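Q:
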Amino acid sequence: MNIGDWIYLCMLLLSTSFGYFIRKVKCTQQKKLICTVLGFSMLFILSGSYILHPILLTVINATIVLHTNKRFCHVSSFVFSFTYLLFLRTSEYFGVPSPPEITCTAVMIMVLKMVGLAYEVNIHSLKLESCDENDKLKESYSRISPSFFDIIQYSFCYAGILVGPYYKYRTYDDLFHKPYSSYVSHTDFLKKRILVVPVYSCLYLLSDYFFPLSLASSAEIWELPFLYRVFYVWPWFFSFRMRIYVAFVLGECICINLGLGAYPEKSATQPGAGPTNLIALKDIENDPKSLSTISYNFETIRCMNEMASEFKPTIREGIRYWNMTVQYWLAMYIYRKTAATKPIKTVVTMFVSAIWHGVHPGYYLSLLGGTPLLLISEIEIEKAFRKHASETQQKIYDFVWYFVKMQSVSYMGIAFILLDIKAILHYWSSIYYFGHVFTICMFVIAIIKNKISKRIYKKDKKLSLELTDSKLS
């Protein structure tokens, strides 16, 4: 870790304490203003004059949301925000100094917020046709009408500004206008979540010390035995995951101590989405006495489910529990809005994710080249070798596939970590692109087996029908 990483970590740790004092402020407007001033101040300390980029992004998006046609404001916001993000990533080519990485990270979060806000506004410009009670409640609950200053405050709120999670404007507004956070035991939730941070930190420091990433791009990698080179990606990707866990869990803790994302359990909250059972939420609001007796959670701002991401046997399940609030944004505003077949929708979503992360080749090799290949291959392989297997065989398959999953994800993930094309190809070539070759071979074998099985099934079905007809005649 360099000095910048330590400053960033200290700022995250410091931010977790702010909520304790802000919760004591009774005036809603004062509370909102404090959250904004803290976020702006932290970003100014870390970014200096480069804070002009987040300001410009927010002000222009606020103008788009408030003063353009509501039916198209989400498209305008998306195009402007991602164009501006790309400009930041490539500004040095235009003679403009590149902002610090922390500024780019803050802008990344703000892009999700601003585009998400535009979508929230756009959705309610469309006529509701459903007669379902929960849908009507959802339309009413989700309707928002932020002012220019509200949008500025939402964008610069200190909770999530440095690392995430992504949360909707409705979630932000509920923090100040709903009573839920007043009934939550913040300390209990905070203790439960923050206890894992020292564990992840130690695991990261140990793995980073004993398995330095610099080896991947050095000539020394060729001196190691082949199998050693193949499996070396495990500790590298493990180190990366532990580092990400530390940052994201602290991001959650900042929100928890503030009370952001606290909702009744009965409302069936989901990461990024917030409450989904609005009938239950309405019943609770109609019975204020129940607020002190019901259970609450912070699933709305849950970034990571580390245990599920680590130990679920399939790649798609592992991905599902990784950076869940951002995945909600991608699923809601990119995947569902793309009018195409599922494979194309997946590729488009991965492409947007890659652009959001940056312009380094590693993002595209990992997210656009690696992830779709792994997901498509896994589906075919599972269909070929697990679908019609016995219960015991399925357990054996899951056990074996878990290790295949970890190796495959680590292999493709190294591109996301190294980023530089020369470093990535240097490592991949040192193991003769083993991950690509293995995945493609298994994919081809699975397709052939599935086609053969399909033909046999059709033939057996046809024969069965012929036998049935002959018996009847």
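Every letter in the sequence shown is one number past the one before it in the UniProt record's numbering, and letter 222, counting from 1, is 222.
By construction, the Cβ of each residue, glycine as well, lies at the ideal position given by its N, Cα and C atoms.
None of these values were measured; they are calculated from a predicted model.
(1) On the DSSP bridge assignment, give the partners of Q270 in chain order.
(2) Applying the 10 Å Cβ sphere with the 16-neighbour rule, what's the burial state of T187?
(3) Is it the case that the Cβ atoms of A262 and Y296 are separated by a distance below 8 Å?
(4) Measure the alpha-carbon distance for E306 versus I319 and round it to whole angstroms.
(5) Which class does N61 belong to by DSSP, given the choice of helix, strand or coil?
(6) Taking the C-alpha atoms as reference points, what is the distance between L43 and H388?
(7) DSSP beta-bridge partners for N297?
(8) With H, G and I counted as helix, E and B as strand and the rest as coil, what does DSSP make of L224?
(9) Do you know how far the Cα of I256 is from the Cα of I379?
(10) Note down, one range per segment and in chain order, each alpha helix (DSSP H) of at least 4 residues found wholly within the stretch 181-250.
(11) Below 8 Å, how does it come out for the stretch 191-206 and the stretch 27-42: are there three or more Cβ pairs, yes or no?
(12) For the alpha helix (DSSP H) containing N4, name the first residue and the last one.
(13) Using a threshold of 8 Å, state whether the C-beta atoms of A354 and L260 are closer than that.
(14) Would the stretch 45-60 and the stretch 166-177 be scored as touching if the rule is three or more Cβ pairs under 8 Å?
(15) S47 to T103, Cα distance in whole Å?
(16) Which residue from Q270, T276 and K266 puts its Cα closest to that of I284?
(17) Confirm, please, whether the CB-CB distance from T276 to Y167 is below 8 Å.
(18) G39 lies in the alpha helix (DSSP H); which residues open and close that run?
(19) Using the three-state DSSP reduction, which class does S145 fall into: helix, strand or coil?
(20) Contact between the stretch 10-23 and the stretch 60-76: three or more CB pairs below 8 Å?
(21) Anyone know if the C-beta pair for H53 and P99 falls short of 8 Å?
(22) When you compare only the Cα positions, how much space is there between T105 and Y228?
A: So, from the data block:
(1) Its beta-bridge partners are G274.
(2) T187 counts as exposed, since fewer than 16 other beta carbons sit within 10 angstroms of its beta carbon.
(3) Yes, the pair counts as a contact, with Cβ atoms nearer than the cut-off.
(4) Distance between the alpha carbons of E306 and I319: 11 Å.
(5) In this structure, N61 counts as helix in the three-state DSSP scheme.
(6) Their backbone Cα atoms lie some 55 Å apart in a straight line.
(7) According to DSSP, which records beta bridges pairwise, N297 is partnered with Y263.
(8) DSSP, reduced to helix, strand and coil, places L224 outside both helices and strands of the structure shown, so it counts as coil.
(9) Taking the straight line from one Cα to the other gives about 37 Å.
(10) Taking only runs of at least 4 residues, the alpha helix (DSSP H) segments lying wholly in the stretch 181-250 are 186-194, 196-210 and 226-231.
(11) Note that the stretch 191-206 does not touch the stretch 27-42; fewer than 3 beta-carbon pairs, one per stretch, sit closer than 8 Å.
(12) The sequence shown places Gly at residue 4, rather than the Asn named in the question. For G4, the enclosing alpha helix (DSSP H) has its first and last residue at I3 to I22.
(13) In this structure, L260 does not lie closer than 8 Å to A354 by Cβ.
(14) The stretch 45-60 is not in contact with the stretch 166-177.
(15) Computed Cα separation, rounded: 6 Å.
(16) Checked all of Q270, T276 and K266; the closest Cα to I284 is K266.
(17) Contact check for Y167 against T276 fails: the beta carbons are separated by 8 Å or more.
(18) G39 -> alpha helix (DSSP H) spans T28 to S47.
(19) Three-state result, S145: coil.
(20) These segments do not touch.
(21) The answer is yes: Cβ separation under 8 Å.
(22) About 35 Å.
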